[in-house]
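Undergrad:
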């Protein structure tokens, strides 16, 4: 294992910011104008819009000593073992914790802080659709894929069709998992069940090239954007704006 791949930023910082901004447009196009307008309101404490604070949360999750950093080993989640990278806890555990922090801060009137922590959780939602994050590896094309997506993601963007309310059952030969949009933990578990198939199909054998990236990107980016919209929607419906 080359520890450099573990401690360095993975899906690049600027892209998480851009994805957060684009997600607000999906919410608007799907008829959630109330959430779109709220995100563009200015927080009285920080003087920043909530969309900026959301984006800062997605950025800081990757930056050590930022105050919002999430250890990179906690950006992974295996769909069946529910383990992270060299850790019993995973990005699903972190997402549940951050969602609770965001909810509690919102109800306490700390709305800017709330949205910042929501952004940190959103970062993990976006990361889980990188196949290696469910395959629990820093190798097998991980860095190369993310570098390529950084430069090319916009050609795969979608403008509507967020995933807002869902239930799904995933089964293998030994077990079945039921997941629902009602549980913050399950947003990661759902994503990992989807992206593990991409990992097994495209990267597990260690053979990949730019054609591989092109094919899998058409699945990664739409899911990232639509699940991001759904996750933001779920938060605001839970806090009953």
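Numbering (my numbering), first residue to last: 102 to 342.
Backbone N, C-alpha and C fix where the C-beta goes; we use that ideal spot for every residue, glycine too.
Small disclaimer: the values here were computed from a predicted structure and weren't measured.
#1: Taking the alpha-carbon positions, what's the residue 222 to residue 299 distance?
#2: Under 8 Å, with one C-beta from each stretch per pair, do the stretch 243-258 and the stretch 181-200 reach the 3-pair mark?
#3: Mind checking residue 341: buried by the 16 CB within 10 Å criterion, or exposed?
#4: Between residue 227 and residue 325, which are expected to be in contact by the criterion C-beta below 8 Å, what is the C-beta distance as a whole number of angstroms?
#5: Kindly list the residues whose CB is nearer than 7 Å to the CB of residue 204, restricted to its own chain and excluding five residues on each side of it in sequence; keep chain order.
#6: Going by Cα to Cα distance, which pick from 278, 296, 287, 167 is closest to residue 335?
#7: With DSSP run on the structure shown, which of helix, strand or coil describes residue 259?
#8: Rounded to a whole number of angstroms, what is the C-alpha to C-alpha distance between residue 55 and residue 168?
#9: Who pairs with residue 188 in a beta bridge, going by DSSP?
#10: So what's residue 176 in DSSP terms, helix, strand or just coil?
#11: Using the C-alpha atoms, what's the distance from residue 301 back to residue 236?
#12: Hey, could you find the ends of the beta strand (DSSP E) residue 281 is sitting in?
#13: So, helix, strand or coil for residue 311, using DSSP?
#14: Residue range of the alpha helix (DSSP H) that residue 159 falls in?
#15: I need the straight-line Cα distance from residue 109 to residue 173, nearest angstrom please.
#16: Helix, strand or coil: how does DSSP classify residue 230 here?
#17: Give the single residue among 232, 160, 229 whose Cα lies nearest to the Cα of residue 216.
#18: Which value, in whole angstroms, describes the spacing of the CA atoms of residue 134 and residue 198?
#19: Quick one: what does DSSP say residue 268 is sitting in, helix, strand or coil?
#20: Identify the continuous alpha helix (DSSP H) that holds residue 251 and give its terminal residues.
TA: Taking the coordinates as given:
#1: Their backbone Cα atoms lie some 23 Å apart in a straight line.
#2: Fewer than three pairs of CB atoms, one per stretch, sit closer than 8 Å, so the stretch 243-258 makes no contact with the stretch 181-200.
#3: Exposed, because fewer than 16 other Cβ atoms sit within 10 Å of the Cβ of residue 341.
#4: That belief holds up - the Cβ atoms of residue 227 and residue 325 are roughly 5 Å apart, short of 8 Å.
#5: If we look at residue 204 and ignore the five residues flanking it on each side, its Cβ neighbours are 339, 340.
#6: Of the candidates 278, 296, 287, 167, the one whose C-alpha sits nearest the C-alpha of residue 335 is 287.
#7: Reduced to three states, the DSSP call for residue 259 is coil.
#8: This structure does not reach residue 55, given that the chain is present from 102 up to 342, and the question cannot be answered.
#9: Answer by DSSP bridge pairing, in chain order: 185.
#10: Three-state DSSP puts residue 176 in coil, outside helix and strand.
#11: Their Cα atoms are separated by approximately 8 Å.
#12: It spans 277-281 - the beta strand (DSSP E) in which residue 281 sits, taken as one unbroken run.
#13: Reduced to three states, the DSSP call for residue 311 is helix.
#14: DSSP places residue 159 inside the alpha helix (DSSP H), whose first and last residues are 151-161.
#15: Low confidence applies here, because residue 109 scores a pLDDT of 41, under 50, leaving its location unreliable and the question unanswered by this model.
#16: Coil at residue 230, not helix or strand.
#17: Measuring from the Cα of residue 216, the nearest candidate turns out to be 160.
#18: Their Cα atoms are separated by approximately 28 Å.
#19: Reduced to three states, the DSSP call for residue 268 is strand.
#20: Start and end: 243-253.
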